[in-house]
Amino acid sequence: MVLALIVVFHHNTKYLKIGEFAVFAFFMLSGYWIHKMYKEKYDLLESPYYSFITSRWLRIYPTYIFNLILVLLIVFVFKWSPEGLQAYVEDGDSRFWFSNIFLLTYNQLPVPLMFLVPAWSLDIELQFYIIFPLIFLCLTRTKPVWVYLACFLVSVIANTLLHHIFQGTVITGIHFFLVGSLLYVTDYKPGKSAVYLSALIFIALLSINYLHPVLRTNMFASNRDLMWLGMNYHELFNTALAIVIIPILAANVKQPSPPTDRLMGNLSYDIYLFHWVLALPYNYFFAHLPLVQRLPYFILYFIVTLVGSYGIYKLIDEPVERLRKKWIKETKKPVGLEVQKIR
């Protein structure tokens, strides 16, 4: 939930521009949970790969399509996104519709054609779902250390020598997912001192970035193009923040999840998408206002985002989740019968 709210403020204010960090942290958490679920649940089913892909598709796609329909209405019917409409008139083609409908390759669209901007990370997430079973297979047949080293090496090459080829694909960000996977495989359990130190370093890095005039100006700028050692500083900074909180994430996944926490976790996906749907009309009508005049409308926007996200969760996510769990339960291997046949 916290990561989703960071993204909300990232998109609607200039004072908290660490949305990339939140997505990177989410990728690490996803790497942990996907590895755990695949090994402990999907690998026990009759058709692991098919069951896994179908299950994850049911988790992501219905809510995404609902929000996409809302965004298309806002852009094409209500015309509350002039920039998006103009971009479609100039460059909209079959690629636009393919990426929006199927999500894959969405992150390779020009930014003006990303009508539902947060969905870029869903494209990366889906790509990871497609290739993870292969990584899992390699981990079961080869020493894990070599598999992880090979994957990290591929990521380094994709981000340097072959960046022009792999830009916008999961290959350039797979290291975040692999960190989460490693947390599961190693069963890393940080002590309290490591968690506290992680939090202190995170706060220190964030404070330096806000207090340093040049770094603060770059963060608040629209392009954030400050370079350091030949690389984009803002991206490096967000990556560093994500790395620093690894002990916090490792401790978090070990904590028991009461019903309220699970609800907050489930709502984070709806907030992540729906906040952008409302951000389009909010910015269309109120972005030009001074901060003081805009603040009441932002508070209203924020409340409607939370209430609307809860409504989407109850009307779409919950029914689909029940269907998904029922389907998974019905596709479990009849282990007893198989053992009898072997005997």
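Going by this note's numbering, the residue at position 249 of the sequence shown is 257; the numbering climbs one at a time, nothing skipped. C-beta atoms are modelled at their ideal positions from N, C-alpha and C, and glycine is treated no differently.
Worksheet item: Should W154 be labelled buried (16 or more other beta-carbon atoms within 10 Å of its own) or exposed?
Response: Start at 1 with the first residue of the sequence shown, and residue 154 comes out as number 146. Burial call: exposed.
Worksheet item: What first and last residue would you give for the alpha helix (DSSP H) that runs through E98?
Response: Residue 98 sits at position 90 when you count from the first residue of the sequence shown. Where E98 is concerned, the enclosing alpha helix (DSSP H) stretches over 90-99.
Worksheet item: Does the beta-carbon distance from V285 to I82 come in below 8 Å?
Response: Within the sequence shown, the letter at position 277 stands for residue 285. Within the sequence shown, the letter at position 74 stands for residue 82. Result yes, Cβ atoms of V285 and I82 sit closer than 8 Å.
Practice prompt. Look at A127 and Y69 and say whether their C-beta atoms are less than 8 Å apart.
Written response: Mapped onto the sequence shown, residue 127 falls at position 119. Mapped onto the sequence shown, residue 69 falls at position 61. No. Outside cutoff.
Practice prompt. Report the rounded CA-to-CA distance for F245 versus F210, giving the unit in angstroms.
Written response: Numbered from its first residue, the sequence shown carries residue 245 at position 237. Numbered from its first residue, the sequence shown carries residue 210 at position 202. C-alpha separation (whole angstroms): 11 Å.
Discussion item. Would F160 and L186 be called neighbours here (beta carbons separated by less than 8 Å)?
Written reply: Here residue 160 is taken as the residue at index 152 of the sequence shown, counted from 1. Here residue 186 is taken as the residue at index 178 of the sequence shown, counted from 1. Yes, Cβ-Cβ distance for F160 and L186 is below 8 Å.
Discussion item. Given a cut-off of 8 Å on the beta-carbon distance, is the pair R332 and R149 in contact?
Written reply: In the sequence shown, residue 332 corresponds to position 324, counting from 1. In the sequence shown, residue 149 corresponds to position 141, counting from 1. Cβ atoms of R332 and R149: not closer than 8 Å.
Discussion item. Mapping the DSSP letters down to three states, classify M227 as helix, strand or coil.
Written reply: Stepping through the sequence shown from its first residue, residue 227 is reached at position 219. DSSP places M227 in helix when its eight states are reduced to three.
Discussion item. Tell me which residue opens and which closes the alpha helix (DSSP H) that V4 is part of.
Written reply: Only positions 9 to 351 of the chain appear in this structure, which leaves residue 4 out of reach.
Worksheet item: Can you give the Cα-Cα distance for L288 and N226, rounded to whole angstroms?
Response: Position 280 of the sequence shown, counted from the start, is the residue given in the question as residue 288. Position 218 of the sequence shown, counted from the start, is the residue given in the question as residue 226. Their backbone Cα atoms lie some 24 Å apart in a straight line.
Practice prompt. For Y305, collect the residues of the same chain with a Cβ closer than 6 Å to its Cβ; drop the 5 residues on either side in sequence, then sort them by chain order.
Written response: As a working mapping, residue 305 is identified with position 297 in the sequence shown. Around Y305: F294.
Worksheet entry | Given L93 as reference, the closest of K22, V79, F32 once Cα atoms are compared | As a working note, residue 93 is residue 85 in the sequence shown. Of the listed residues, the one whose Cα sits closest to L93 is V79.
Fill in: Start-to-end residues for the alpha helix (DSSP H) that takes in N115
On the sequence shown, residue 115 is found 107 positions in, with the first residue counted as 1. Taken as a continuous stretch (DSSP letters only), N115 belongs to no alpha helix (DSSP H), as it is neither H nor E.
Worksheet item: When burial is assigned at 16 or more other CB atoms within 10 Å of the CB, is A95 buried or exposed?
Response: Indexing the sequence shown from 1 puts residue 95 at position 87. It is buried - the Cβ of A95 has at least 16 other Cβ atoms within 10 Å.
Item to complete: Could you check the C-alpha separation between E59 and Q301 for me, to the nearest Å?
Response: Here residue 59 refers to the residue found at position 51 when the sequence shown is read from its first residue. Here residue 301 refers to the residue found at position 293 when the sequence shown is read from its first residue. Note that residue 59 corresponds to Ser in the displayed sequence, not to Glu. Roughly 51 Å between the two C-alpha positions.
Fill in: As assigned by DSSP and simplified to three states, the class of L170
Numbered from its first residue, the sequence shown carries residue 170 at position 162. Correct three-state label for L170: coil.
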